[in-house]
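In what follows, a structure is listed as C-alpha coordinates, so that the remarks can point back to it.
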Amino acid sequence: MRYVEVHRPLSAEEQQNVQTMPYTLPAGFTQFKDNKAVDQKLVDKALYRRAGYPVAVSSGATPTASNAPSVESAQNGEPEQGNMLRATQ
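Structure below.
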(Lines of atoms letter the chains of each structure in order from A and count residues from 1; the text may use other names and numbers.)
(Lines give C-alpha, C1' and ligand atoms only; values in the text may rest on other atoms or scores of the structure.)
Protein backbone atom coordinates (compact mmCIF):
# COMPACT_ATOMS: atom_id res chain seq x y z
CA MET A 1 0.00 0.00 0.00
CA ARG A 2 1.33 3.45 -0.89
CA TYR A 3 0.43 6.64 0.95
CA VAL A 4 1.00 10.35 0.47
CA GLU A 5 0.66 13.02 3.15
CA VAL A 6 0.28 16.64 2.03
CA HIS A 7 0.29 19.56 4.46
CA ARG A 8 -0.61 23.16 3.86
CA PRO A 9 2.51 25.31 3.65
CA LEU A 10 3.14 27.78 6.43
CA SER A 11 2.19 31.30 5.46
CA ALA A 12 4.56 34.20 5.94
CA GLU A 13 1.67 36.62 6.25
CA GLU A 14 -1.80 36.22 7.70
CA GLN A 15 -3.42 37.34 4.44
CA GLN A 16 -1.93 34.45 2.43
CA ASN A 17 -4.32 31.66 1.52
CA VAL A 18 -2.52 28.46 2.56
CA GLN A 19 -4.98 26.39 0.51
CA THR A 20 -3.82 27.94 -2.77
CA MET A 21 -0.18 28.80 -1.97
CA PRO A 22 2.28 27.05 -4.29
CA TYR A 23 4.56 24.46 -2.76
CA THR A 24 7.75 22.75 -3.91
CA LEU A 25 7.61 18.98 -4.25
CA PRO A 26 10.67 16.86 -3.39
CA ALA A 27 12.78 15.67 -6.35
CA GLY A 28 11.75 12.03 -5.90
CA PHE A 29 8.04 12.81 -5.86
CA THR A 30 7.68 12.69 -9.66
CA GLN A 31 9.16 9.20 -9.70
CA PHE A 32 6.78 8.16 -6.89
CA LYS A 33 3.75 9.64 -8.67
CA ASP A 34 4.66 8.10 -12.05
CA ASN A 35 4.94 4.60 -10.58
CA LYS A 36 2.33 2.20 -12.04
CA ALA A 37 1.35 1.14 -8.52
CA VAL A 38 0.14 4.70 -7.78
CA ASP A 39 -3.24 6.10 -8.85
CA GLN A 40 -2.40 9.59 -10.11
CA LYS A 41 -5.98 10.80 -9.62
CA LEU A 42 -5.77 9.97 -5.90
CA VAL A 43 -2.41 11.77 -5.67
CA ASP A 44 -3.84 14.83 -7.42
CA LYS A 45 -6.82 14.82 -5.04
CA ALA A 46 -4.50 14.64 -2.01
CA LEU A 47 -2.38 17.49 -3.40
CA TYR A 48 -5.52 19.59 -3.84
CA ARG A 49 -6.98 18.83 -0.39
CA ARG A 50 -3.74 19.32 1.60
CA ALA A 51 -5.43 17.59 4.53
CA GLY A 52 -2.26 16.80 6.51
CA TYR A 53 -2.91 13.10 7.08
CA PRO A 54 -1.82 9.98 5.14
CA VAL A 55 -4.03 9.09 2.17
CA ALA A 56 -3.85 5.75 0.35
CA VAL A 57 -2.88 6.35 -3.28
CA SER A 58 -2.19 2.81 -4.46
CA SER A 59 -3.88 1.80 -7.70
CA GLY A 60 -7.25 0.33 -6.79
CA ALA A 61 -7.17 1.83 -3.27
CA THR A 62 -9.92 3.80 -1.66
CA PRO A 63 -8.91 7.37 -0.73
CA THR A 64 -8.82 6.69 3.01
CA ALA A 65 -5.81 6.24 5.27
CA SER A 66 -6.90 2.84 6.57
CA ASN A 67 -9.75 0.36 6.83
CA ALA A 68 -10.55 1.63 10.31
CA PRO A 69 -13.93 3.27 10.86
CA SER A 70 -14.02 6.90 9.87
CA VAL A 71 -13.39 9.44 12.58
CA GLU A 72 -16.07 12.04 13.11
CA SER A 73 -14.93 15.42 14.32
CA ALA A 74 -16.24 16.73 17.61
CA GLN A 75 -17.46 19.82 15.81
CA ASN A 76 -19.72 17.87 13.44
CA GLY A 77 -20.65 14.94 15.65
CA GLU A 78 -23.72 14.56 17.79
CA PRO A 79 -23.02 13.88 21.49
CA GLU A 80 -24.71 10.85 22.99
CA GLN A 81 -26.83 11.46 26.06
CA GLY A 82 -24.80 10.91 29.22
CA ASN A 83 -21.46 11.15 27.41
CA MET A 84 -21.19 14.92 27.41
CA LEU A 85 -18.15 16.66 28.84
CA ARG A 86 -18.13 20.31 29.78
CA ALA A 87 -15.15 22.54 29.12
CA THR A 88 -14.52 25.47 31.41
CA GLN A 89 -12.14 28.37 31.05
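Here our numbering is used: the first residue of the sequence shown is -16, the next is one more, and so on.
For glycine and all other residues, C-beta sits at the position ideal for the given N, C-alpha and C.
Item                                                                                                                                                                      : Value
Roughly how many angstroms lie between the CA atoms of LEU8 and ASP17, to the nearest whole one?                                                                          : 14 angstroms
So is ALA39 buried or exposed if we call it buried at 16+ other beta carbons inside 10 Å?                                                                                 : buried
Where PRO37 and TYR6 are concerned, what is the direct C-alpha to C-alpha distance, given to the nearest angstrom?                                                        : 18 angstroms
Please list, in chain order, all residues of the same chain as VAL1 whose beta carbon is under 7 angstroms from its beta carbon, the five residues on each side excluded. : ARG(-9), PRO(-8) and SER(-6)
Which residues does DSSP pair with ALA39 in a beta bridge?                                                                                                                : TYR(-14)
Quick one: Cα of ARG33 to Cα of THR3, how far?                                                                                                                            : 10 angstroms
Determine the DSSP secondary structure at VAL26, reduced to helix, strand or coil.                                                                                        : helix
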